[in-house]
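Its first residue numbered 18, the sequence shown is counted upward by one per residue in this note's numbering.
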Amino acid sequence: MQDSNNLFSLVMSSPIGELTLVADQDCLCEIRFGRDDCATIPRSNSVLETAQQQLQEYFAGSRQSFDLPLRPHGTSFQQQVWRELMTVDYGELASYQDIAVSIGNPKAVRAVGAANGRNPIPVVIPCHRIIGSNGKLTGYAGGLNIKEQLLRLENAGGKGSLL
């Protein structure tokens, strides 16, 4: 992560609890569950204001995709997995195996799971749409109850059966 003096943060309320949004001058870098320590000196910018607006629209059911500049920090493998997560559409599900196969590394299921768990921009990079190959919900940084809430929200948006 960058020097905190070059970061901006904003805390927003949502149906899944408070979210701390973190951005640099140009891009959204993180979404943290809860009120984070970086929010002690709230400094917003246009990236955060746009992200907050788009997240509010998502939670209201009027937005199915995000149009935000993103800069998630991670390894090249994590970046590859996170890019692939972005191809899983609203209301759809994929398994860790599906993601491993789609990035050309079918034996990397556990590594995909680890990268999914380290996604710094949940909701926007939709790691909540990834499930076990047995069809079961598996871990989520915000907790399985939040993962289930997000999937139910997307199912209410009308694209197939999630839960």
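Think of the CB as a built atom: it goes at the ideal place given N, C-alpha and C, for glycine as much as any other residue.
- Task: Taking L45 as part of the beta strand (DSSP E), name the residues at either end of that continuous run.
- Result: L45 to F50
- How would you call A77, buried or exposed, if buried means at least 16 neighbouring beta carbons within 10 angstroms? exposed
- Task: Take G15 as the anchor and find which of T67, Q73 and Q42 has the nearest alpha-carbon.
- Result: Outside the modelled stretch of the chain, which goes from 18 to 180, sits residue 15, for which no answer is possible.
- Query: Quick one: what does DSSP say A111 is sitting in, helix, strand or coil?
  - Reply: strand
- Rounded C-beta distance between H90 and C144? I'm assuming under 8 Å. Their Cβ separation, rounded to whole angstroms, is 15 Å, which puts H90 and C144 out of contact at 8 Å.
- So, helix, strand or coil for G177, using DSSP? At G177, the pLDDT of 47 sits below 50, so the modelled position is not reliable; the number obtained from the coordinates is stated separately. Coil at G177, not helix or strand.
- Have a look at N162 and G156 and give me their C-alpha separation to the nearest angstrom. 10 Å
- Bridge partners of L38, per DSSP? L27 and I48
- Item | Other residues of its chain near Q114: CB distance less than 7 Å, five sequence neighbours each side excluded | V126 and S150
- Query: For I138, does the three-state DSSP call read helix, strand or coil?
  - Reply: coil
- Item | R60 (DSSP reduced to helix, strand or coil) | strand
- What are the boundary residues of the alpha helix (DSSP H) that F94 is part of? S93 to L102
- Residue environment, P123, which counts as buried when at least 16 other CB atoms sit within 10 Å: exposed
- When we look at the beta-carbon of S93 and count the other beta-carbons within 10 Å, is it buried (16 or more) or exposed? exposed
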